[in-house]
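Enquirer: Right, I'll just put the structure down here and ask away after.
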Amino acid sequence: MAKAIVIGSGVGGLATAIRLRAKGFQVEVLEKNEYPGGKLSEIQQDGFHFDKGPSLFTQPANFENLFAAANRNFYDYVSVKKLDEANRYFFSDGTVVHAYINLQKFEEEVQHKLKEKPQAITSYLQEAQQLYEGIGKIFLDYPLHRIKTWLQKKIIKALSLVKLSYLFQSVHQYNEKRFLNSKTMQIFNRFATYNGSNPYQAPAMLTMIPHLEQNEGAFYPQGGMITLTQSMYKLATELGVLFKFNTEVKRLHTNKGRVVYAETQNHKIEGDIFVSNMDVFYTYNQLLNRKYKSQQIARLERSTSAVIFYWGVKVTSDALSLHNILFSEDYKKEFEQLFVQKQLPDDPTVYINITSKLDKSHAPADSENWFVMVNAPAKQATVTDEDLKKLKDIILKKIKTFLSIDLQTSIQTEYIWTPQGIDADTHSYLGSLYGSASNDKMAAFMRHANESSEYKNLFFCGGSVHPGGGIPLCLKSAVLVEQLVTEKFSV
Ligand SMILES: Cc1cc2nc3c(=O)[nH]c(=O)nc-3n(C[C@H](O)[C@H](O)[C@H](O)COP(=O)(O)OP(=O)(O)OC[C@H]3O[C@@H](n4cnc5c(N)ncnc54)[C@H](O)[C@@H]3O)c2cc1C
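Put into structure tokens, the structure is as follows:
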């Protein structure tokens with residue numbers, strides 16, 4: 000039986016392992032950490048549970064398909080709740096907008112709070128759907144590096160739907176023309192951050208993203224996001240995937256255009272097929288010692304990183320929901336600081352996720368688990384203790400101003416994840432959350448393919464390669480790897 004070695008057990012690695020095993024390959028996963036999941040992991044501290052990375056769950060259909068590929072029902076493993084409200088947006092003048100999933104309710108809310116015509120929202124979301132279904136899906140579901148992809152009728156049709164206005168306007172320029180109120184623009188600009196991009200630079204093509212949340216819906220896996228990792232890990236082990244934790248791959252050894260074995264601290268692990276779920280920059284730079292190739296990859300602009308404060312707080316906040324956004328006053332300046340000056344914004348947008356709103360077991364009585372995140376630039380320089388202290392003060396002040404909550408004295412426990420921590424823990428280059436950014440209109444074509452053009456048996460999955468970062472796309476990368484592997488190798 001042909002043996003596949005998967006390097007890394009992030010979302011992409013786990014999904015690839017399941018898919019290849021379900022096809023009949025022998026599969027071994029080598030993971031440097033002592034736990035699976037990569038960015039999708041958890042923190043248990045002083046009676047509080049925190050999901051460590053992703054908090055927003057969209058498109059559960061990707062999980063349904065993954066489990067179906069192994070003849071299982073995803074919902075036998077995870078209980079999923081559809082949310083009534085995707086986000087709660089707070090502005091400095093006291094305006095609060097509830098982004099209801101129900102279109103009519105959302106339109107009424109935006110009309111009432113922002114004086115926006117309901118028709119503006121309806122047509123915007125309809126266009127987002129057409130954009131996603133007509134173009135987005137095709138670009139995400141096919142290997143773009145293959146010539147035969149471009150000869151298919153579906154692709155030619157999708158290309159004909161690409162209006163120049165989607166390519167040559169930024170997300171913000173597009174939104175400016177669609178809405179009257181700058182707050183509505185800010186709400187819809189924010190969706191560019193769902194893949195770590197800059198709404199003032201990224202092409203209007205990204206205006207398809209709200210379709211995923213506002214039309215298809217936002218979801219919550221009961222027990223927290225960690226249940227997604229746990230369910231994939233459980234399924235993989237049921238299928239017979241072998242996991243080796245605390246096993247860091249140091250080098251991939253090649254011979255005559257093939258990877259022959261993976262070298263770990265103590266072992267040489269041979270295989271027929273190798274799939275790297277490690278960031279593609281590090282795969283070339285460290286595992287293959289291909290410095291020039293890795294520098295080419297590094298030239299692509301990185302998506303944002305983040306600083307996250309995990310605070311267990313002795314507070315019950317009625318004003319807050321599961322997902323809450325405290326917006327910055329000057330959104331454009333915030334992105335200039337992130338992408339141009341490459342510094343922490345002095346007035347950051349603050350995202351607060353509180354899963355104990357839905358899962359009481361995630362915090363002790365009369366307390367809540369606050370995941371408080373701000374965007375940060377992905378860059379070499381370290382976020383220092385002094386930077387963190389300053390940032391914490393800014394965030395606490397903002398929470399006090401926006402929510403009238405004095406959190407300082409209520410923090411019972413604290414854990415902090417910085418860009419350097421994200422890089423060290425998951426080997427994500429410069430701590431980027433989503434690999435390379437989508438600020439350039441050619442970004443989709445410049446992302447690395449899911450297979451190597453030089454090594455016949457080397458494949459790539461996860462957020463640093465096609466089709467990009469975020470849980471849904473990492474799961475799609477596994478579908479593509481399965482297709483490419485099964486084209487070349489038989490069991
Ligand atoms: C704070 C934060 C918030 C986010 N929010 C969201 C969100 O709300 N919604 C969403 O969809 N996405 C979100 N994301 C992005 C999402 O988490 C990622 O896109 C996705 O989890 C990345 O999965 P991956 O397959 O690329 O693997 P990764 O999670 O990057 O994991 C890679 C794995 O490979 C292992 N590894 C690396 N090198 C080696 C080696 N040499 N040997 C052995 N093992 C190795 C690592 O230890 C790690 O386990 C967020 C990310 C973060 C950090």
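Here numbering that gives the first Met the number 0 is used: position 244 in the sequence shown is 243, and no number is missing along the way. Backbone N, C-alpha and C define an ideal beta-carbon position, used for all residues, glycine too. None of the values given here were measured: they were computed from a predicted structure.
Is the beta carbon of Gln128 less than 8 Å from the beta carbon of Asn194?
Expert: Not a contact, by the Cβ cut-off of 8 Å.
Enquirer: Closest by CA to Glu115, which one among Asp75, Thr183 and Lys104?
Expert: Thr183
Enquirer: From Asp392, Asp424 and Lys104, pick the residue whose C-alpha is nearest to that of Gln118; which is it?
Expert: Lys104
Enquirer: Span of the alpha helix (DSSP H) holding Ile134?
Expert: That residue, Ile134, is in no alpha helix (DSSP H); it is neither H nor E in DSSP.
Enquirer: Ile17 and Met207 - do their beta-carbons sit closer together than 8 Å?
Expert: no
Enquirer: Determine the contact status of Leu158 and Met204, defining contact as a CB-CB distance below 8 Å.
Expert: no
Enquirer: Just to confirm before moving on: does the CB-CB distance between Asn276 and Gly461 stay below 8 Å?
Expert: yes
Enquirer: With a CB to CB cut of under 6 Å and the five nearest residues on each side skipped, what residues in its chain are close to Ile307?
Expert: Met372 and Trp416
Enquirer: Closest to Gln575 by C-alpha separation, out of Lys397, Gly23 and Phe73, would be which residue?
Expert: This structure cannot settle anything about residue 575, because the visible part of the chain is limited to 0 through 490.
Enquirer: Measuring only from the beta carbon, is Thr425 closer than 7 Å to any heavy atom that is part of ligand 1?
Expert: yes
Enquirer: Would you call Ile296 buried or exposed, if buried means 16 or more other Cβ atoms sit within 10 Å of its Cβ?
Expert: Classified as buried, Ile296 has 16 or more neighbouring CB atoms from the shown chains inside 10 Å of its CB.
Enquirer: Mind checking Val248: buried by the 16 CB within 10 Å criterion, or exposed?
Expert: buried
Enquirer: Taking His171 and Asn188 to be in contact with their CB atoms under 8 Å, please state how far apart those CB atoms are, rounded to whole angstroms.
Expert: 5 Å
Enquirer: Beta-carbon within less than 8 Å of Glu175's beta-carbon, same chain only, minus the 5 sequence neighbours each way: which residues are those?
Expert: Met184
Enquirer: According to DSSP, what are the bridge partners of Leu251?
Expert: Ala261
Enquirer: Just to confirm, does Ala68 get its C-beta within under 7 Å of one of the non-hydrogen atoms of ligand 1?
Expert: no
Enquirer: Return the first residue and the last residue of the beta strand (DSSP E) that Glu367 is part of.
Expert: Glu367 to Ala375
Enquirer: Can you give me the C-alpha to C-alpha distance between Gly239 and Gly52, rounded to a whole angstrom?
Expert: 27 Å
Enquirer: When DSSP builds the beta bridges, which residues end up paired with Ile6?
Expert: Leu29 and Ser275
Enquirer: Closer than 8 Å is the cut-off here; do at least three beta carbon pairs connect the region 369 to 386 with the region 427 to 442?
Expert: Verdict: yes, contact present.
Enquirer: What's the gap between the Cα of Leu102 and the Cα of Thr121?
Expert: The alpha-carbon of Leu102 is positioned some 8 Å away from that of Thr121.
Enquirer: Using CA coordinates, which residue listed in Thr354, Ile421 and Tyr123 is at the minimum distance from Tyr173?
Expert: Tyr123
Enquirer: Using a Cβ-based criterion (distance less than 7 Å to any ligand heavy atom), does Pro491 qualify as near ligand 1?
Expert: The question about residue 491 has no answer here: the residues shown for the chain are numbered 0 through 490.
Enquirer: Heavy atom of ligand 1 less than 7 Å from the Cβ of Lys267, yes or no?
Expert: no
Enquirer: Among all the DSSP beta bridges, which residues are the ones paired with Ile353?
Expert: Paired residue(s): Trp369.
Enquirer: Put Asp140 into one of helix, strand or coil per three-state DSSP.
Expert: helix
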